[in-house]
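Sequential numbering of the sequence shown, starting at 232, is according to this note's numbering. Glycine included, C-beta positions come from ideal geometry on N, C-alpha and C. Working notes, structure below.
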Amino acid sequence: MHPEHERPRSTRCAAAPRRTTGFTGRVLPSTDGWTVCAQGHRHWGRAGAAGLLLHRDGARGPEVLLQHRAWWSHHGGTWGTPGGALHHGETADDGALREVREELGLTPDDVVLGARSVDDHGGWSYTTVLARPARSIEAADLTLDGESTGVAWLPLTGLEEVDLHPGLAASLSRLRPLLEDARG
């Protein structure tokens with residue numbers, strides 16, 4: 232998930248924190264819930280959020296692995312990075328790895344972490360963690376949870392023409408140079 236800028240579609244109360252196991256195995260209090268940043272936008276994740284942008288050199292040039300968000304989710308029907316709310320005390324790297332494990336079934340051994348990009352709204356931020364595959368990863372082999380209806384390697388060229396999650400679309404100009412640098 233990327234920055235959330237509209238009303239939630241769920242009425243689930245997030246006032247009482249749940250305790251969940253974070254990526255590192257520590258029990259962390261959940262920070263699921265809506266918050267408002269200094270810019271007046273509503274965002275999911277009271278402690279911020281993070282996602283993993285997996286990239287590779289494909290047959291048609293650079294590609295990124297994106298998930299097609301389920302229609303019931305916030306900004307459903309758009310393409311975005313696997314990601315979500317950070318737990319209290321969880322790093323952006325750990326949160327992004329936890330989310331990609333939950334949403335796609337990938338483990339830390341499947342990826343090599345790279346640069347990070349922070350979209351700071353004042354009082355809330357989204358960290359995009361770039362990563363390369365440590366092995367061959369094909370979209371058809373991934374295990375999806377209910378948060379997405381599909382996943383695909385999409386060419387970086389022409390990505391502006393895809394119905395992207397608004398947060399990812401707004402971040403593309405900042406992410407492109409990092410992706411180019413990562414190609415070496």
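I need the DSSP call for residue i, collapsed to helix, strand or coil.
i           : result
residue 393 : coil
residue 378 : coil
residue 402 : helix
residue 294 : strand
residue 366 : coil
residue 301 : coil
residue 386 : strand
residue 323 : helix
Near residue i, what residues of its chain come up, given a Cβ to Cβ distance below 7 Å and the 5 sequence neighbours on each side ignored?
i           : result
residue 331 : 283, 313 and 337
Answer yes or no: do residue i and residue j have a C-beta to C-beta separation smaller than 8 Å?
i           : j           : result
residue 375 : residue 335 : yes
residue 402 : residue 359 : yes
residue 309 : residue 396 : yes
residue 413 : residue 344 : no
residue 317 : residue 262 : yes
residue 276 : residue 315 : yes
residue 281 : residue 323 : yes
residue 406 : residue 356 : no
residue 287 : residue 363 : yes
Please list, in chain order, all residues of the same chain as residue i whose beta carbon is under 8 Å from its beta carbon, the five residues on each side excluded.
i           : result
residue 311 : 232, 233, 282, 297, 298, 300, 395, 396, 398 and 399
Using a Cβ-Cβ cutoff of less than 6 Å, which residues in the same chain neighbour residue i once the five nearest sequence positions on both sides are dropped?
i           : result
residue 381 : 299
Note to self: Can you confirm whether the stretch 286-298 touches the stretch 380-395 when touching is taken to mean that 3 or more C-beta pairs between the two stretches lie within less than 8 Å?
What the structure shows: Proximity of the stretch 380-395 to the stretch 286-298 meets the contact definition, three or more beta-carbon pairs being nearer than 8 Å.
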